[in-house]
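In my numbering, the protein residues as written are 11 to 323.
The beta carbon of each residue, even a glycine, is placed where N, CA and C say it ideally should be.
On a predicted model such as this, the values are computed, not experimentally measured, just so you know.
Let me begin by presenting the structure, written as structure tokens, before commenting on it.
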Amino acid sequence: MDMRDVYTETLIELAGKDERIVLLEADLMNATGTRPFKVAYPDRFINVGVSEADMVGVAAGLSAAGKIPFAASFGCFASRRVYDQFFLSANYAQLNVNLVGTDPGVTALFNGGTHMTFEDAGIMRNIPQLRILEPSDEVSLRKLLPQIAYWPRSVYLRLHRKGGWSFYGEDETFEIGKGKLVREGSDITLASFGMVMLQETLKAADLLEKKGIHSDVIDVLTLKPLDRELVLASARKTGQIVTCENHNIYNGLGSAVAEVLAEDGVPARLRRIGCQDKFGEVGKIDYLMEAFGLTAAHIAGAAEALIGMKKTA
């Protein structure tokens, strides 16, 4: 199932239990897959039109009036275009506005550089008290959405739109601000953020295993606040960590991990896999993953380089 369909189905289920749930769109309901919500609850669906900043302003007003708004658009618009309104109208006002940015990073595909947002999470990290999440599969999305709805403050959710993946079992539990150790090893830590990168990170762990290198694999899930305890415990154990993100290496997962390592004085070597300070471009997913250095081979190569440094130290 597409992640957008999981998102919409879960919100329809929540709306059936709580009449405060409302959904806002900026004329992209066919792309984001939210038309079924409009059919189910037409009086709680608002299409603001191609005016994303106004969408956030309306969502803030609805939150102030006691509603629980989810507002969705492509990540480029849900971050760069609405930043001031989201900062002030939602976050400064201490309201619960759940802003959903779809098509993160290379998943924008043929929409190209103008729509390819490698900086959205980094921009949003600077908003005080904002929570930033990126579910890594259908189960984590379904389980985290109710928590997001009832979180007392605003949330920015990175959401893959097309395609889906079931990695976790239905009995798995999730918590905002907590990651998951999904594979255990002792030689190196691979920390991943988001669905595309968790898939590649697990493949990289398999490649490394064939060479006798055993990896801790962390599914971060929440970028802000980062699960410090989980990351630091693994880094202390392995002494080296590769961060893997479908995002710019600046002010994303790599930066967040570097910050906690430095603050806690953990002497772990770090390599950052992600967009290396580039603009986006048009292409198929395989081409883009290779062009931006996000593949399992890139991750495994970075890990092997760190292992080599450790052996020669």
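In this structure, DSSP gives His308 a helical state, which the three-state scheme calls helix.
In the structure shown, the three-state DSSP call for Glu255 is strand. With contacts defined by Cβ atoms closer than 8 Å, Leu155 and Leu21 form a contacting pair. If you look at Val192, you'll find it in the beta strand (DSSP E) that goes 190-193.
Taking every protein chain shown into account, the CB of Tyr166 has 16 or more other CB atoms within 10 angstroms, so this residue is buried.
Here DSSP, grouped into helix, strand and coil, assigns Phe203 to strand. In the three-state scheme derived from DSSP, where H, G and I count as helix and E and B as strand, Tyr51 is classed as coil. Taking the CA atoms as reference points, Met39 sits about 8 Å from Asn57. The closest CA to that of Gly132, considering only Leu304, Gln209, Phe203, Phe55, is found on Phe203. The beta carbon of Ala50 is closer than 6 Å to those of Ile22 in its chain, skipping five residues each way along the sequence. Just so you know, the alpha carbons of Phe87 and Leu169 end up roughly 13 Å apart. With contacts defined as CB atoms closer than 8 Å, Asp226 and Lys188 fail to qualify as a contacting pair. Between the stretch 190-199 and the stretch 212-230, the count of C-beta pairs closer than 8 Å reaches three or more; the two stretches touch. Its Cα nearest to that of Glu148, the residue Tyr178 stands out among Tyr178, Val110, Met126, Phe47. As the crow flies, the alpha-carbon of His125 is around 28 Å from that of Ala312.
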